[in-house]
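Q: Following our numbering, the numbering of the sequence shown begins with 109 at its first residue and continues without gaps.
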Amino acid sequence: MAESTETPTLPESPLLTPTIAQVAPQAGANGKGAYSAAENAPKRDDDLALLAAWEGLLDYDFVSTDQKKSYRFIRKWAIWMTLGATIAATAAAVLMSYQANSILEVMRIALVIMPIVSVALMNYASEYARNTAWIEYRVGAEMLRSQIYLYRTGAGDYANKSKVEKQALLVASVKKAYQRISSSDFVPYMRAREKMAIKEDIKLNCRESPGTSNEDPGLGALSVENYLEWRIKPQIKWYVGRIEQDYLRKRHTSIQVLILAGMGSALVGLYPPFAPIVAITTGAGVALTLWSNVQTTGATYGIFHKAASDLQLCLREWEILPPEFQAQPKHQNKLVMDMEFIFEQERNEWEKQVRMMQQSVEQAFKDSRNLRNEEKDNDENSEEEEDTAEGEVAK
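(1) Within 10 Å of its beta-carbon, does Gly164 have 16 or more other beta-carbons around it, so buried, or fewer, so exposed?
(2) On a Cα-Cα basis, can you pick out the residue from Met447, Gln420 and Ala383 that is closest to Ser254?
(3) Out of Pro431, Asp169 and Asp475, which one is the CA nearest neighbour of Val295?
(4) Considering only the alpha carbon of each residue, which of Thr397, Lys176 and Ile428 lies closest to His360?
(5) Are at least three pairs of beta-carbons, each pair with one atom in the region 347 to 361 and one in the region 394 to 413, less than 8 Å apart?
(6) For Gly248, which of Lys358, Ala161 and His439 has the nearest alpha-carbon?
(7) To the nearest angstrom, report how far apart Thr277 and Gln403 are at their CA atoms.
(8) What does the alpha-carbon distance come out to for the pair His439 and Trp346?
(9) Which class does Thr261 belong to by DSSP, given the choice of helix, strand or coil?
(10) Which residues in the same chain as Gly393 place their Cβ atom closer than 7 Å to its Cβ, once the five residues preceding and following it in sequence are excluded?
(11) Is Met445 closer than 7 Å to Ala263 when the C-beta atoms are compared?
(12) In three-state terms, what does DSSP make of Thr408?
(13) Looking at Gly372 and Leu191, is the spacing between their C-beta atoms short of 7 Å?
(14) Would you mind reading off the limits of the alpha helix (DSSP H) that contains Ser317?
(15) Can you look up Arg183 in the DSSP assignment and give me helix, strand or coil?
(16) Along the chain, where does the alpha helix (DSSP H) that runs through Gln364 open and close?
(17) Could you pull the start and end residues of the alpha helix (DSSP H) that Tyr286 belongs to?
(18) Rounded to whole angstroms, what is the Cα-Cα separation between Ser121 and Gly328?
(19) Closest to Asn268 by CA distance: which of Asp324, Asn441 and Asp167 is it?
(20) Take Leu419 and list the residues in its own chain whose beta-carbon comes closer than 8 Å to its own, dropping the five residues that flank it on each side.
(21) Going along the chain, which residues of its own chain have a beta-carbon closer than 8 Å to the beta-carbon of Val469, five neighbours each way excluded?
(22) DSSP three-state label for Val386, please.
(23) Just to confirm my understanding: we take Ile66, look at its own chain, exclude 5 residues before and 5 after, and list those with CB closer than 6 Å. What are they?
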């Protein structure tokens, strides 16, 4: 299907149609005054469309990081509660045979409290720390990052366009990134920032974000040479480090799970009364595997490896071109488009893989809750049957 060649018009936006407001200086938390109205006033060389794109990226990056931390924090405690319930149940079974009534009562209380806390945590998570929200915002942030680099290099859809046309296309891309967030994953993310604050945040993002260069100011046009130095090479370096880290974590987790499983079996073989410990070591292995899945350990290093290899190969192909070819706009445009297409492929595969793993984690929690409910129902039914039997005997 052919795409429309009509250039989108600039939508009305408070950022694109700024007004000068009188801003009273206020002391911030850092002791510095607020930016004055003159500092926040639009300057002749300000690219307001680029600032709008950066503002969206900064907001999405912030909420994605925040949601990811909340998601992992809550799931971690839910896993600990589940493991604690397993340990308490095993301990209660052992103590019952020794008639340690006082300690047994504590274990019974723990068995009641821990599942309730775990369910409460998951109910809270389903409302305020959904498993897909941070993924949606991360993908949106990286989509905007890609568009920013295409815009600054004048490649892809931005090639051979006037400044107004390029700005309209960039703002349309920002709107597209906003619209991809589903209502179920929506998290309030907008932050009130003046233009000078946005510029400072851009510098901070370029300096501290993984896969970026400290030298990139984040604003203004970008030559191919700087694009390779500030965008591609740091990203390849980040991929390589992340691949090694993720692979080692996956291997270490697998070894730990095997040790736990082997330790339980060995203890029972050496001393049969240690049989209840198998339940604890098995529960610990399940908890460790579940936490590894929450962290998406081992899920992405294959995707990152392919992206890093493709970027490296594309870079080498460019470096062997004669200088006269490298100077031609059509070759520069193709290079940037090829590089950003690699990022797009990696982004799509990453989203698919991480979504699948997070959904498996949620299903595991759901199955665990259902199992506990079934066990509770069975216990209640057993007690009712015992009461009925005792009543029959009394008659």
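C-beta: ideal position from N, C-alpha, C; glycine also.
A: The relevant details are as follows:
(1) The residue you call residue 164 lines up with position 56 of the sequence shown. Gly164 comes out buried.
(2) Residue 254 sits at position 146 when you count from the first residue of the sequence shown. By alpha-carbon distance to Ser254, the top candidate from Met447, Gln420 and Ala383 is Met447.
(3) Position 187 of the sequence shown holds residue 295. Cα-wise, what sits closest to Val295 is Asp169.
(4) Indexing the sequence shown from 1 puts residue 360 at position 252. If we check each option's Cα against that of His360, Thr397 comes out closest.
(5) In this structure the region 347 to 361 touches the region 394 to 413; the number of beta carbon pairs closer than 8 Å is three or more.
(6) Position 140 of the sequence shown, counting from 1, holds the residue named residue 248. Of the listed residues, the one whose Cα sits closest to Gly248 is Ala161.
(7) As a working note, residue 277 is residue 169 in the sequence shown. As a working note, residue 403 is residue 295 in the sequence shown. Contrary to the premise, residue 277 reads as Leu rather than Thr in this sequence. Each residue's Cα considered, the two are about 36 Å apart.
(8) Residue numbering aside, residue 439 sits at position 331 when the sequence shown is read from its first letter. Residue numbering aside, residue 346 sits at position 238 when the sequence shown is read from its first letter. Rounded to whole angstroms, His439 to Trp346 spans 26 Å at the Cα level.
(9) Locating residue 261 in the sequence shown gives position 153, counting from the first residue. In the structure shown, Thr261 sits in a helix (DSSP, three-state: H, G or I).
(10) Residue mapping note: residue 393 aligns to position 285 of the sequence shown, counting from 1. Cβ neighbours of Gly393 beyond the five flanking positions: Val365, Leu368 and Ala369.
(11) Position 155 of the sequence shown, counted from the start, is the residue given in the question as residue 263. Position 337 of the sequence shown, counted from the start, is the residue given in the question as residue 445. A contact, by the Cβ cut-off of 7 Å.
(12) Position 300 of the sequence shown holds residue 408. Here Thr408 sits in coil by DSSP.
(13) Translated into positions along the sequence shown, residue 191 becomes position 83. Translated into positions along the sequence shown, residue 372 becomes position 264. At the C-beta level, Leu191 and Gly372 stay beyond 7 Å of one another.
(14) Translated into the one-based positions of the sequence shown, residue 317 becomes position 209. Element bounds for Ser317: n/a, residue is neither H nor E.
(15) Mapped onto the sequence shown, residue 183 falls at position 75. Residue state, collapsed to three classes: helix.
(16) Residue mapping note: residue 364 aligns to position 256 of the sequence shown, counting from 1. In the DSSP assignment, Gln364 falls within the unbroken alpha helix (DSSP H) covering Lys341 to Leu378.
(17) By 1-based counting over the sequence shown, the position of residue 286 is 178. Tyr286 -> alpha helix (DSSP H) spans Lys271 to Gln287.
(18) The sequence position of residue 121 within the sequence shown is 13, counting from 1. The sequence position of residue 328 within the sequence shown is 220, counting from 1. Any reading at Ser121 is ruled out, since the residue's pLDDT is 38, under 50, leaving its predicted position unreliable.
(19) The residue labelled residue 268 in the question sits at position 160 within the sequence shown. Ranked by Cα distance from Asn268, the options Asp324, Asn441 and Asp167 are led by Asn441.
(20) For the purposes of this step, residue 419 is taken as residue 311 along the sequence shown, with counting starting at 1. Once the five neighbours on either side are set aside, the close Cβ partners of Leu419 are Ile340, Gln343, Ile344, Tyr347, Met447 and Ile450.
(21) Within the sequence shown, numbered from 1, the residue matching residue 469 stands at position 361. Only Arg183, Asn239, Leu398, Asn401 and Val402 meet the Cβ criterion.
(22) Indexing the sequence shown from 1 puts residue 386 at position 278. In the structure shown, Val386 sits in a helix (DSSP, three-state: H, G or I).
(23) Because residue 66 is not part of the residues shown, which for the chain are 109 to 503, the question remains open.
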